[in-house]
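Going down the list, the sequences are from chains D and G. The first sequence stops at residue 429 when you use my numbering, and every number in between is there. The second sequence stops at residue 1323 when you use my numbering, and every number in between is there. We treat Cβ as the ideally placed atom computed from N, Cα and C, and that holds for glycine. Just so we're clear, the structure is a prediction, and the values are computed from it rather than from any experiment. See structure below.
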Amino acid sequence: MMKKLFTLSSIALLAAAGLTACDTGGGGAQPAAVATLSSGVAVSGEITFWHAYSAGGGEIKALEKTIIPNFEKLHPGVKVKSVQISDKDMHQKLVTAAAGQSLPDVIRADIVTVPELAKIGVLAPLSDAMPDFQSWANKMFPGPLATNKYNGKSWGLPLDTNTKVVIYNDQALKANGVASVPKTLDELKAAADKVGGKYILAEGGSGGWQMLPYIWSNGGDMTDPDVKKSAGYLNGPKAVAALQMIVDLYNKKAIPGVILGGSGGTPTGDGLPKGMYPAIVDGPWTFPGMATSYPNFQPKTSPMFSGDGGSVSVVGGEDIVMTQQSKNKELAAEFIRYMLSPDAQNAMGQVGQLSAEKDMAEAMAAIQPYYAAFLEQLKTAKPRPATPQWAKVDDIFTKQAQLALQGKLSVQEAMDAAVAQIDPLLAQG
Amino acid sequence: MTAQRLSGQEVSTASAARPRKPGRGGASRRPSHWWVPWAFAAPGLILFFLTTGYPLVRSLQISFYNWSVLPTQASTFIGLDNYTRALADPQFWTSVTNAGVYLLMSVPATVALGLLFAVLLQKKMPGRTLFRILFYIPVVTSWVVVSLLFKFLFTTDDGAVNWFITDFLSLSDHAVPWLEQRWTGLIAISLLGIWKNLGWCLVVLLASLGGVGEELYEAAALDGANAWHKFVHVTLPGIRGTLLFVLVLQVIGAFNVFPSVLLMTNGGPAGSTEVPLTYMYKQAFSFLDFGYGSAMAFILAIFIFIVSFAQFKFLGEKKEALR
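As structure tokens, then:
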């Protein structure tokens, strides 16, 4: 048996060595030059559009029954194939499709994945390809627009956006002895001291998505503006003080354990209407869910707790991007333009997708009263650092913040350790 | 796959040990052409090389590279860097330790309970078939479904387990944050492992128990053996080969624990419940570090190979000695 195993192992190793000796790719082939994709040119053929629109909230219906048919009517003879991929699977699907050279023409990509996709060379830079790019860019809120930048170019345009504000349960606050919702970080601390051992606020995790609004509002940051280094920023006094406040609230039991990752704890979207958590910091997508599951609950909103840096929340949402592989880039560009048109943006606004276009703000606020708070917050909201290394950076930050919350490291030690791991990644670009 | 391979080894070893029958009968069964057996084996072999052999070799190649996801972009050969990086990565060792803890908490209990229930269900009793089916249901149920079910059971605020501990038994006045801490998280994941794998152990051992000759029990009874003596001196030696098989597969399975961890704790908090497969999955598919993920997979494969080999060597020799 051993002899057979040895023989087999040797064959496998030799085969591996043989493969290793082969060239592993195109030797750093440069992406093909981008053709100019002017607006209004005659388009034909078919494109595929990947997205993670949800079926439950009517998004798919709006896309497939209204937006795509209208686009196809405008351009007779063209066809847009819509492919829905769940939000959770999207990243993995994109990675495997990139490896297998089977990406679609247009993608609605989560804003944090755009620099990564740009880095691995699968996207066409819209700032080069579309002559009218700048006119589209000028329409956008600066936060969502910034999520498309990588290496001096813009690789997409904001398709929809969102941000987080304080959503609170008035009755639960009063029951815990807090007369009105805290407006500032100081008031939040004071309220936590006052209620002593009762929850005042819940956060569903300790990653950049959850912690950056506190850091920014306190006047700190995660990296320098060019996203080249985190030393002096993430472990600087303002960022550390913001995280220290969160750790103190957690230790005082003013913040529940779901901040450690959400596994096992009551989700924030359930805890708030149930009255367990008096306040959460969350996005507009929580409203339809709460309205369905807790029809009697009336959520109220307030801007992100302000501090030395103002009231600064985090930008979420999706960008629309075109792939290098697309064989019909003219049609892809025309479809992107249509997806950003008032018709399509309004149709998506009706089903919960906030437009990132400044001109659309009024129309959006008219659709849903609660949109107004988010549109106001968007004026100062910032994107997470636009880096292709974001997934790793966020993982490191999350783990170190969790170690600080668990008391295994001081906040300063945890952030020093995070910086030591993050900066080499940022240096890779 | 592994089960088939291992059982295949057993079969081939057994047939090799069997003396060949001399004479014309043996010669007449020899195939007329050398390629006939290969032709029969070809579909399976082709499938094996396409779905297992080639990916394995490719993965080994990737492990020596700073691998680029896009085939059009160059990957850099970095030799053993990914391997040395893994060996120096404390998170990798935490994940291996967690797999070891999971193994110790789940495998002995699974095999022991599987054996106990197999012995009980071997006896003729009413509803025996029903119980056999009930025990096997978790095995055929999707890992995803049962992992989400267990996550729900172990939820801190509304979970049934905490209700049972705090409200029903009054053992504690506060809810245990099962999935928010390392050791309680691993306990919950191990309990799922036991529940899920018990039925498989039971069925395999049950089949093996049926093969122990009735005459051996009769002979033992004549010698005055009681039930315990019969179990220790007749049953256990009779199924030792199958027990070894079950144990080896369970140990391999424990190192490969994946969906339950991913869905119940996702390796958190702070990576404290990470196991090798969740860690390498994240390296590859979240961070696009396929070279590093592949290197960890091979380190784990070598480790599992050594442990399995030691089990066969150590327990297999005992089997021979007993004969």
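Any 3 or more C-beta pairs closer than 8 Å across the region 355 to 367 of chain D and the region 90 to 102 of chain D: no
Chain B contact residues for Lys-253 of chain D, given Cβ-Cβ distances below 7 Å: In the structure shown, chain B does not exist; the protein chains are D and G.
Does the separation of the CB atoms of Lys-83 of chain D and Phe-49 of chain D fall below 8 Å? Note on residue identity: the sequence assigns Val, not Lys, to residue 83 of chain D. For Val-83 of chain D and Phe-49 of chain D, yes; Cβs fall inside 8 Å.
Whether Asn-346 of chain D touches Asp-105 of chain D by CB criterion (8 Å): The beta carbons of Asn-346 of chain D and Asp-105 of chain D sit no closer together than 8 Å.
Residue from D:Ser-302, D:Thr-161 and D:Thr-286 with nearest C-alpha to Ser-180 of chain D: D:Ser-302
Answer yes or no: do Gly-265 of chain D and Val-258 of chain D have a C-beta to C-beta separation smaller than 8 Å? yes
Within the chosen definition, does the region 1231 to 1242 of chain G reach the region 1259 to 1273 of chain G through at least 3 CB pairs nearer than 8 Å? no
Quick one: grab the DSSP three-state call for Lys-300 of chain D. strand
Just to confirm, are Glu-116 of chain D and Trp-390 of chain D a CB contact at a threshold of 8 Å? yes
Restricting to Cα atoms, I'd like to know which of D:Gln-244, D:Gln-350, D:Met-339 and D:Glu-413 is closest to Pro-436 of chain D. In the structure as shown, chain D starts at 1 and stops at 429, and residue 436 of chain D therefore has no counterpart that could be examined.
Short of 7 Å Cβ to Cβ, which residues in the region 391 to 423 of chain D face chain G? Ala-391, Lys-392, Lys-399, Gln-402, Leu-403 and Gln-406
Looking at Gly-316 of chain D and Asn-162 of chain D, is the spacing between their C-beta atoms short of 8 Å? yes
Just the C-alpha distance for Leu-1192 of chain G and Phe-1150 of chain G, rounded to the nearest angstrom, thanks. 7 Å
Taking the alpha carbon of Val-165 of chain D as the point to measure from, which residue in D:Ser-313, D:Val-112, D:Pro-342 and D:Asp-343 has its own alpha carbon closest? D:Ser-313
Among G:Phe-1152, G:Leu-1247 and G:Ile-1062, which residue has its Cα nearest to the Cα of Tyr-1083 of chain G? Nearest neighbour of Tyr-1083 of chain G by Cα position, chosen from G:Phe-1152, G:Leu-1247 and G:Ile-1062, turns out to be G:Ile-1062.
Chain-ordered residues of the region 1275 to 1307 of chain G with a beta carbon less than 7 Å from chain D: Phe-1285, Ser-1286, Phe-1287 and Leu-1288
Compare the C-beta of Ile-120 of chain D with all C-beta atoms of chain G and state if any pair is closer than 8 Å. yes
What does the alpha-carbon distance come out to for the pair Leu-14 of chain D and Ser-1095 of chain G? Caution applies to Leu-14 of chain D, whose pLDDT of 35 falls short of 50 and renders its modelled position unreliable; the value that the coordinates give is listed next. Distance between the alpha carbons of Leu-14 of chain D and Ser-1095 of chain G is about 31 Å.
How many Å lie between Thr-380 of chain D and Ala-146 of chain D at the Cα? 13 Å
Would Gln-997 of chain G count as contacting chain D if we go by Cβ distances under 8 Å? Residue 997 of chain G is absent from the structure shown; chain G starts at 1001 and stops at 1323.
Compute the beta-carbon to beta-carbon distance between Arg-1132 of chain G and Leu-1121 of chain G, rounded to the nearest angstrom, for a pair I have assumed lies under 8 Å. 6 Å
Going by CA-CA distance only, name the one from D:Val-122, D:Ala-55, D:Leu-74 and D:Ser-38 that's closest to Ala-344 of chain D. Taking only the C-alpha atoms, the option nearest Ala-344 of chain D is D:Leu-74.
Any beta carbon of chain D sitting closer than 8 Å to that of Asn-1066 of chain G? Closer than 8 Å: no.
Cα-Cα, which of G:Ala-1297, G:Ala-1301, G:Leu-1247 and G:Phe-1285 is closest to Ser-1106 of chain G? G:Leu-1247
Which chain D residues sit within Cβ distance under 9 Å of Val-1248 of chain G? Here the premise fails: no neighbours, minimum Cβ distance about 14 Å.
Contacts around Trp-1195 of chain G, its chain only, beta-carbon distance under 6 Å, and the 5 residues preceding and following it disregarded: Within the same chain, Trp-1195 of chain G has close Cβ partners Pro-1138.
Determine, for Asn-1266 of chain G, whether the minimum Cβ-Cβ distance to residues of chain D falls below 8 Å. yes
In the region 1039 to 1119 of chain G, which residue ranges form an unbroken alpha helix (DSSP H) of at least 4 residues, counting only runs that do not cross its ends? Listed in chain order, they are 1054 to 1062 and 1081 to 1087.
Have a look at Gly-426 of chain D and Thr-398 of chain D and give me their C-alpha separation to the nearest angstrom. The sequence given here has Leu at residue 426 of chain D, not Gly. Spanning the two alpha carbons is a distance of roughly 16 Å.
Do the CB positions of Thr-323 of chain D and Ala-124 of chain D come within less than 8 Å of each other? Contact flag set, yes.
Residue from D:Val-240, D:Gln-353 and D:Glu-330 whose Cα sits closest to the Cα of Pro-288 of chain D: D:Gln-353
Among the residues of its own chain, which have a CB less than 6 Å from the CB of Tyr-432 of chain D, if the five just before and after it don't count? This structure does not reach residue 432 of chain D, given that chain D is present from 1 up to 429, and the question cannot be answered.
Residues that Ser-230 of chain D contacts on chain G, provided the C-beta gap is smaller than 7 Å: Simply none; closest approach about 17 Å.
Ile-60 of chain D versus D:Glu-413, D:Pro-383 and D:Val-351, residue with shortest Cα-Cα distance: D:Val-351
For chain D, check one thing: does any of its Cβ atoms lie closer than 8 Å to the Cβ of Asp-1081 of chain G? no
By DSSP, does Thr-1141 of chain G sit in helix, in strand, or in coil? coil
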